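If you read the sequence shown in our numbering, its first letter stands for residue 5, the second for the next number, and so on. Glycine included, C-beta positions come from ideal geometry on N, C-alpha and C. These numbers come from a predicted model, not from an experiment.
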Amino acid sequence: MEARVSSGVLTKIQSPFLSPLHASKLQSSRNMSILPNTIHTHQFSNASLYLRSTFSSRTHGFKQAIKDDSREFELSTLTALSPLDGRYWGKVKDLAPYMSEYGLIYFRVLVEIKWLLMLSQIPEVIEVPSFSAEAQSYLLGLIDGFSMDDALEVKKIERVTNHDVKAVEYFLKQKCQSQPEIAKVLEFFHFACTSEDINNLAHALMLKEAMTKVMFPTMDKLVEAICKLAKANASVSMLSRTHGQPASPTTLGKEMAIFSVRLSRERQEISQVEMMGKFAGAVGNYNAHIVAYPTVNWPQIAEQFVTSLGLKFNPYVTQIETHDYMAKLYYAIIRFNNILIDFDRDIWGYISVGYFKQITKAGEIGSSTMPHKVNPIDFENSEGNLGKANEDLTYLSMKLPISRWQRDLTDSTVLRNMGGGLGHSLLAYKSALQGIGKLQVNEARLSEDLNQAWEVLAEPIQTVMRRYGVPEPYEKLKELTRGRAVTKESIREFIEGLELPEEAKTHLLKLTPHSYVGAAVELAKTVDSAVNVINGSEVLENMSLKELAKKLSHIVAPYETG
Numbered sequence: 005m006e007a008r009v010s011s012g013v014l015t016k017i018q019s020p021f022l023s024p025l026h027a028s029k030l031q032s033s034r035n036m037s038i039l040p041n042t043i044h045t046h047q048f049s050n051a052s053l054y055l056r057s058t059f060s061s062r063t064h065g066f067k068q069a070i071k072d073d074s075r076e077f078e079l080s081t082l083t084a085l086s087p088l089d090g091r092y093w094g095k096v097k098d099l100a101p102y103m104s105e106y107g108l109i110y111f112r113v114l115v116e117i118k119w120l121l122m123l124s125q126i127p128e129v130i131e132v133p134s135f136s137a138e139a140q141s142y143l144l145g146l147i148d149g150f151s152m153d154d155a156l157e158v159k160k161i162e163r164v165t166n167h168d169v170k171a172v173e174y175f176l177k178q179k180c181q182s183q184p185e186i187a188k189v190l191e192f193f194h195f196a197c198t199s200e201d202i203n204n205l206a207h208a209l210m211l212k213e214a215m216t217k218v219m220f221p222t223m224d225k226l227v228e229a230i231c232k233l234a235k236a237n238a239s240v241s242m243l244s245r246t247h248g249q250p251a252s253p254t255t256l257g258k259e260m261a262i263f264s265v266r267l268s269r270e271r272q273e274i275s276q277v278e279m280m281g282k283f284a285g286a287v288g289n290y291n292a293h294i295v296a297y298p299t300v301n302w303p304q305i306a307e308q309f310v311t312s313l314g315l316k317f318n319p320y321v322t323q324i325e326t327h328d329y330m331a332k333l334y335y336a337i338i339r340f341n342n343i344l345i346d347f348d349r350d351i352w353g354y355i356s357v358g359y360f361k362q363i364t365k366a367g368e369i370g371s372s373t374m375p376h377k378v379n380p381i382d383f384e385n386s387e388g389n390l391g392k393a394n395e396d397l398t399y400l401s402m403k404l405p406i407s408r409w410q411r412d413l414t415d416s417t418v419l420r421n422m423g424g425g426l427g428h429s430l431l432a433y434k435s436a437l438q439g440i441g442k443l444q445v446n447e448a449r450l451s452e453d454l455n456q457a458w459e460v461l462a463e464p465i466q467t468v469m470r471r472y473g474v475p476e477p478y479e480k481l482k483e484l485t486r487g488r489a490v491t492k493e494s495i496r497e498f499i500e501g502l503e504l505p506e507e508a509k510t511h512l513l514k515l516t517p518h519s520y521v522g523a524a525v526e527l528a529k530t531v532d533s534a535v536n537v538i539n540g541s542e543v544l545e546n547m548s549l550k551e552l553a554k555k556l557s558h559i560v561a562p563y564e565t566g
């Protein structure tokens with residue numbers, strides 16, 4: 005797939021790109037040859053003179069090489085300015101039908117046609133009678149059959165109009181001249197509309213389709229993969245670390261379950277954001293509409309039209325939709341991304357201490373100089389792209405709700421960058437999924453750490469001592485364990501010397517760092533009670549405290565004494 009830019013004109017497209025930079029002209033060989041070949045200095049040494057001469061010579065050679073190559077640069081994975089459209093294109097191209105220039109043009113065409121069809125259903129607008137089934141089919145066919153060639157035709161018209169939305173209107177008029185019914189009402193394309201009536205609905209539909217068709221399914225796969233990791237390792241004991249130091253044991257599965265529940269919660273929040281739209285004319289008051297057809301209830305018509313597209317109607321607007329919902333959506337995605345960054349870093353750490361091994365792939369290289377290396381590159385790639393995504397989404401969230409008076413144009417160019425934040429997010433999700441697929445639990449290494457951390461049993465011992473009125477329990481355990489090597493034998497000796505009921509003492513003597521995991525096993529095993537992934541669509545089930553207590557009762561029971 006490739007798009008070519010020649011002489012400042014988009015001449016060939018077989019796939020759209022996520023960055024607006026790639027819909028513009030790349031520097032030609034002539035432009036690239038304008039490189040500095042002189043250095044302006046007042047004084048310089050012999051060494052700097054040599055460097056200057058060498059730099060000038062090499063620059064001249066580079067210019068000559070470019071000049072000798074008569075071809076202009078073509079937009080490809082090698083020349084794309086954004087790695088999303090270059091190196092990572094294969095992983096993010098699913099977003100292109102929705103978040104690209106092609107996607108924007110397509111949804112503009114859809115909105116313009118749907119509006120004409122709506123006008124034909126308004127009795128007062130007698131100039132646009134109801135269309136026959138044939139005419140309706142023709143119009144809908146323009147949407148369903150919209151192609152890359154159609155998009156290129158719109159861009160060709162835009163070179164004359166220098167106005168992208170007007171180019172869509174002219175394109176549709178050209179397309180419909182041959183259809184007798186529609187040809188009579190061509191001037192009702194874009195009737196009473198400002199460009200932003202078309203654009204804001206197109207942008208909302210772009211986001212809605214991209215989220216529904218691409219982002220949500222990938223988020224769901226990610227949550228499901230972490231759920232499986234949690235359940236598979238529900239009983240694998242692991243030493244916790246708080247402040248980086250040994251703490252009460254947990255299980256690997258329960259720690260994974262935390263992330264699956266956190267991510268699913270935010271995914272649910274994202275899905276609750278309603279994509280909004282306006283259709284109220286130049287400044288939001290239906291000025292032109294009312295002058296043309298005073299008896300029509302235009303606010304009601306606008307609401308019907310917007311909601312017919314599957315969007316939420318926003319009645320209080322200026323020339324533009326306020327973009328508040330976009331800020332809400334992007335901030336929700338940022339929260340999801342932040343949780344995934346936390347996951348990536350934790351997995352990175354577990355790999356570094358040997359709790360996870362990574363399945364190797366024949367032919368892959370971890371380091372250009374250290375042959376033994378198997379680096380956690382998938383999680384590093386995920387973390388890096390999440391940071392870039394959050395930066396882009398934060399800017400969109402902060403900028404888009406702000407527009408001077410009834411509208412300035414700063415949102416227009418910014419909105420063309422919506423694909424970047426989603427693209428880097430999608431890339432990060434896929435990288436994390438790829439990394440999860442390579443993980444192999446190293447139970448021997450996990451067990452090794454637990455066997456060397458008998459001091460973590462100080463917590464349950466002093467807690468039971470408190471129950472039975474043993475004086476200064478915390479202080480006694482602090483004296484035994486803090487800053488000292490603690491072994492299985494020293495712990496058992498301490499317990500044997502306690503004045504406790506025999507049953508309580510027996511339970512304490514049975515404890516090991518491996519078994520002292522509380523409710524962790526059950527929490528991991530029942531993660532699907534909190535997150536239920538069905539056919540790629542997440543449904544949260546709110547588990548009451550009573551229900552959870554019931555599930556955990558068989559764990560607590562053995563420690564109850566009379």
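Beta-bridge pairing of residue i - partner residues as DSSP gives them
i           : result
residue 383 : Paired residue(s): none; residue 383 is not in a bridge.
residue 244 : 251
residue 390 : Paired residues: none, contrary to the question.
residue 313 : DSSP, once it has assigned bridges, lists no residue as partnering residue 313.
residue 444 : 361
Cβ-Cβ distance between residue i and residue j below 8 angstroms
i           : j           : result
residue 322 : residue 410 : yes
residue 158 : residue 135 : no
residue 319 : residue 298 : no
residue 279 : residue 211 : yes
residue 113 : residue 146 : yes
residue 407 : residue 305 : no
residue 274 : residue 345 : no
residue 433 : residue 223 : yes
residue 397 : residue 354 : no
residue 490 : residue 253 : no
residue 389 : residue 431 : yes
Nearest neighbour of residue i, chosen from the options [CA to CA]
i           : options            : result
residue 255 : 533, 160, 528, 534 : 528
residue 311 : 139, 140, 437, 205 : 205
residue 386 : 173, 24, 95, 262   : 95
residue 356 : 381, 338, 332, 337 : 381
residue 339 : 284, 473, 522, 263 : 263
residue 349 : 171, 363, 440      : 440
residue 468 : 457, 451, 511      : 511
residue 444 : 234, 108, 483      : 234
residue 508 : 300, 535, 473      : 473
residue 293 : 195, 523, 84       : 195
residue 110 : 154, 328, 493      : 154
residue 102 : 450, 504, 488, 420 : 420
As assigned by DSSP and simplified to three states, the class of residue i
i           : result
residue 80  : coil
residue 113 : helix
residue 96  : helix
residue 279 : coil
residue 172 : helix
residue 164 : helix
residue 540 : Model confidence at residue 540 stands at a pLDDT of 44, short of 50, so the residue's coordinates are unreliable and nothing is read from them.
residue 344 : helix
residue 181 : coil
residue 220 : helix
residue 197 : coil
Pairwise C-alpha distance: residue j and residue i
i           : j           : result
residue 447 : residue 358 : 9 angstroms
residue 343 : residue 200 : 35 angstroms
residue 351 : residue 383 : 8 angstroms
residue 515 : residue 428 : 47 angstroms
residue 269 : residue 426 : 19 angstroms
residue 22  : residue 251 : 46 angstroms
residue 436 : residue 226 : 8 angstroms
residue 24  : residue 198 : 23 angstroms
residue 418 : residue 464 : 56 angstroms
residue 249 : residue 403 : 42 angstroms
residue 271 : residue 332 : 13 angstroms
residue 86  : residue 422 : 14 angstroms
residue 188 : residue 130 : 12 angstroms
residue 466 : residue 498 : 11 angstroms
residue 456 : residue 391 : 37 angstroms
residue 534 : residue 239 : 18 angstroms
residue 438 : residue 229 : 10 angstroms
residue 479 : residue 267 : 40 angstroms
residue 540 : residue 219 : At residue 540 the pLDDT is 44, less than 50, meaning the model places this residue with poor confidence and gives no usable figure here.
residue 150 : residue 108 : 12 angstroms
Any non-hydrogen atom of the ligand NAP closer than 7 angstroms to residue i Cβ
i           : result
residue 454 : Only the bare structure without any ligand can be found here, which leaves the ligand NAP out of the picture.
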